[in-house]
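In the working numbering, the protein residues as written are 144 to 403.
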């Protein structure tokens, strides 16, 4: 049954509200041949389907995003989209917003915040910024307030400690670092909220493309630190959003200075 048929069945008394809600959650996906779009994922999981752009052609990305937009989709998130695809995707989706640093695209971008708490995204160094922005933009697209703390790695610990007041009030902290990945453990020892470690592939030869940072974060001696995969800013931002939306109210500070 499609949505109209389900609503008609409720009107005619053939389905009650609970049965209709279950049918809506299980409504069939849209078959496009090369993709099956799950338009009701937001109903089941609280957030819409996200388009992974790295292995798709620009035409495929454009078609999927356009189909989602036709169903009223807003903040349609496209991750790992190459800059070369922007023109083709924009032709089918005039509302495309694109950030070449993080390679995040958002169709029908709407800025909103629907939770009281905030998320901190902290980076070990400026070289980690593409992954940081992937995390931050993902979280912002999902209705979160994000405070950015970039280049606060352990090589100059005073930089992190100077922002401790903002750090300790966060509902979630995303710690992004390459090299030895020590930032996650340090942050984990300073705050009482969940810390999501994101190892990056930044580093010299023996860092093994981020494996050394990954192992350091997995072996963190600080409690409350969880870890996503190497360079997975999207995964960290998505998880942080879910945590932030389930926590209690936290006063949001004036972040004008923090985001400058």
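For each residue, glycine too, the CB sits at the ideal point set by N, CA and C.
Following the DSSP letters along the chain, one finds residue 298 in no beta strand (DSSP E), marked with neither H nor E. For residue 282, the closest of 176, 156, 376 by C-alpha to C-alpha distance is 376. Look at residue 153 here: in three-state DSSP terms it is helix.
In the DSSP assignment, the residues bridged to residue 265 are 292, 318. Apart from the 5 residues on each side of it in sequence, residue 223 sits with its Cβ closer than 7 Å to the Cβ of 195, 196, 197, 246 in its chain, given in chain order.
In this structure residue 342 touches residue 320 by the C-beta definition: roughly 7 Å separates them, less than 8 Å. With respect to the 7 Å criterion, residue 313 and residue 368 are not classified as neighbours on the basis of their beta carbons.
Counting C-beta pairs with one atom in each stretch, the region 260-272 and the region 224-236 have fewer than three that are closer than 8 Å, which means they do not touch. In the three-state reduction of the DSSP assignment, residue 370 falls in the strand class.
Residue 163 and residue 249 have their C-alpha atoms spaced approximately 31 Å apart. For residue 347, no pairing in a beta bridge is given by DSSP. Residue pairing for residue 250: DSSP places it in a beta bridge opposite 219, 239. One Cα belongs to residue 301, the other to residue 244, and the distance between them is close to 27 Å.
For residue 338, the enclosing beta strand (DSSP E) begins and ends at 338-342. Around the C-beta of residue 387, 16 or more other C-beta atoms lie within 10 Å, and the residue is accordingly described as buried.
Taking each of 200, 214, 202 in turn and checking the Cα distance to residue 192, the smallest one comes out for 214. Taking the CA atoms as reference points, residue 216 sits about 39 Å from residue 355. For residue 306, there is no enclosing alpha helix (DSSP H), as DSSP marks it with neither H nor E. The beta carbons of residue 190 and residue 285 sit closer together than 7 Å.
Spatial neighbours of residue 365 in its own chain (CB-CB distance under 7 Å, excluding positions within 5 residues in sequence) are listed in chain order as 328, 331, 332.
Distance from the CA of residue 232 to the CA of residue 202, rounded to the nearest whole angstrom, comes to 7 Å. A straight line joining the alpha-carbon of residue 269 with that of residue 293 spans about 7 Å. With at least 16 other beta carbons inside 10 angstroms of its own, residue 288 counts as buried.
Taking each of 230, 352, 308 in turn and checking the Cα distance to residue 334, the smallest one comes out for 308.
For residue 295 against residue 374, the beta-carbon gap comes to about 19 Å, at or over 8 Å, which does not count as contact. With respect to residue 207, residue 228 sits apart: the two C-beta atoms are not nearer than 7 Å.
The continuous alpha helix (DSSP H) containing residue 331 extends over residues 326-331.
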